[in-house]
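According to this note's numbering, the sequence shown is numbered sequentially starting from 32. Presented below is the structure to which this report refers.
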Amino acid sequence: MSKKMIVDTHHHCGGAPDYIDRLAESYARVGIDKVCLISGRGVEGRGRVIEGMKKHPKLVVGIAGFDWENDKPDDIARFQGEGFSGVKFIRPPQTYHHKDFWPIYEKCRDTRLTGLFHLGIVSRGKGAGFLDNNFMRPIYLDCLARMFPEWNIHGAHLGNPWYEEATMSCRWNPNLYFDLSGSTLKKKKPEFLGELLWWNSTTRYRDPNGRDAWEKILFGSDVPHYEAHDVLHDYDNVIRALNLSDEIRWRILGGTAAEIYRIEEEGA
Ligand SMILES: [Zn+2]
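As structure tokens, this is what we get:
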């Protein structure tokens, strides 16, 4: 039975000093119970999220932003000790599945920190510098999911624009999950997503564990806290248009996330 909680699995910690307090107010209003809060890279960025976890322990699930230049595999255990539940990867210097990175992923698996990977074509950002979006294709997560079958992997943005690659990888890998944040829910119709995420427990071609495709899809906003209600609305539009069951709806909104980020159910 799915837990009836709403978990935003993709949220970047804003720069304002009181950002997390504002986020807590907004999410209480909207009815979002938990937020996977992605830190900036470096000690300072992580420190802010650590503070947020302490101040809002029922709300904040910490995700440590990984710095490819300065962070080492041994830092992963430290992130876990600091209370983080996942590690966010973006803008890798090589394809995500490059062998040089395997020691990092092994540590994530061993410490049970979920890997959250940006996928697809990323914004230009501030700096110019070398960036190859091809390094962030969903197919590399297919490889990692096979290499590290005990590791939960969360791919962002359904691989936008490489949706076919993402969803086919999703079907074959029980430990690979995706969110629909970014522009996808604005530009694509629900039917488009229904065609990509088509299998269920009764279809001839299906998930190895017999799950519905939508049980592998996570609610993620990837917008500032004051816009999250709009993304939640977009998710509900798709759920309604595709006639997904109430049970599947709760899996998407939080049930699956609670499992892969190991979020405890609230006590009394
Ligand atoms: Zn993001």
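Using N, Cα and C, we set each Cβ at its ideal position, and we do this for glycine too. Bear in mind the structure is a predicted one, so any value in this text is a computation, not a measurement.
- Message: According to DSSP, simplified to helix, strand and coil, what is residue 210?
- Response: strand
- Neighbouring residues (CB closer than 7 Å to any heavy atom of ligand 1): Of all residues, those with a beta-carbon under 7 Å from at least one heavy atom of ligand 1 are 41, 43, 69, 149, 187, 212, 253, reported in chain order.
- Counting pairs of beta carbons, one from the stretch 89 to 105 and one from the stretch 116 to 123, are three or more of them closer than 8 Å? yes
- Query: According to DSSP, which residues form a beta bridge with residue 185?
  - Reply: Note: residue 185 sits in a beta bridge opposite 147, 208.
- Bounding residues of the beta strand (DSSP E) (the contiguous stretch that carries residue 77): Per DSSP, residue 77 belongs to no beta strand (DSSP E); it is in the alpha helix (DSSP H), 74 to 86.
- Where do the ends of the beta strand (DSSP E) carrying residue 94 lie? 91 to 96
- Query: For residue 84, which of 150, 54, 72, 189 has the nearest alpha-carbon?
  - Reply: 54
- Under the rule that 16 or more other beta-carbon atoms within 10 Å means buried, what is residue 32, buried or exposed? The predicted model places residue 32 with a pLDDT of 45, which falls under 50 and marks its position as unreliable; any figure quoted below should be read in that light. Looking at its Cβ environment, which holds fewer than 16 other Cβ atoms inside 10 Å, residue 32 is exposed.
- Item | Span of the beta strand (DSSP E), counted from its first residue to its last, around residue 142 | Looking at the DSSP string, residue 142 is not in any beta strand (DSSP E); the run it does join, the alpha helix (DSSP H), is 133 to 142.
- On the premise that residue 176 lies in contact with residue 189, defined as a C-beta separation below 8 Å, what is that separation, rounded to the nearest angstrom? Not a contact, Cβ separation roughly 15 Å.
- Message: For a quick check, are the C-beta atoms of residue 127 and residue 171 less than 8 Å apart?
- Response: Yes, they are a contact pair.
- Task: Return the bridge partner residues of residue 217 from the DSSP annotation.
- Result: Per DSSP, none; premise fails for residue 217.
- Message: With distance defined between alpha-carbon atoms, name the residue in 134, 147, 101, 132 nearest to residue 115.
- Response: 147
- Cβ-Cβ distance between residue 253 and residue 41 below 8 Å: yes
- Query: So, using beta-carbon positions, are residue 248 and residue 209 closer together than 8 Å?
  - Reply: yes
- Query: Between the stretch 227 to 239 and the stretch 256 to 269, do three or more beta carbon pairs fall short of 8 Å?
  - Reply: no
- Delimiting residues of the beta strand (DSSP E) encompassing residue 42: 38 to 43
- Query: Leaving out five residues before and five after residue 174 in sequence, what residues of the same chain have Cβ atoms less than 7 Å from its Cβ?
  - Reply: 128
- Task: Let me know if residue 269 comes out buried or exposed under the rule of 16 or more other beta-carbons within 10 Å of its beta-carbon.
- Result: Under this definition residue 269 is a buried residue.
- Query: For residue 124, which residues of its own chain have a beta-carbon under 6 Å away from its beta-carbon, when the five flanking residues on both sides are left out?
  - Reply: Here the set comprises 99.
- Message: Mapping the DSSP letters down to three states, classify residue 69 as helix, strand or coil.
- Response: In this structure, residue 69 counts as strand in the three-state DSSP scheme.
- Task: Look up residue 130 in the DSSP assignment and give the residues it is bridged to.
- Result: None, per the DSSP bridge assignment.
- Same chain, Cβ closer than 7 Å to residue 90, neighbours up to 5 away in sequence not counted: 55, 58, 65, 66
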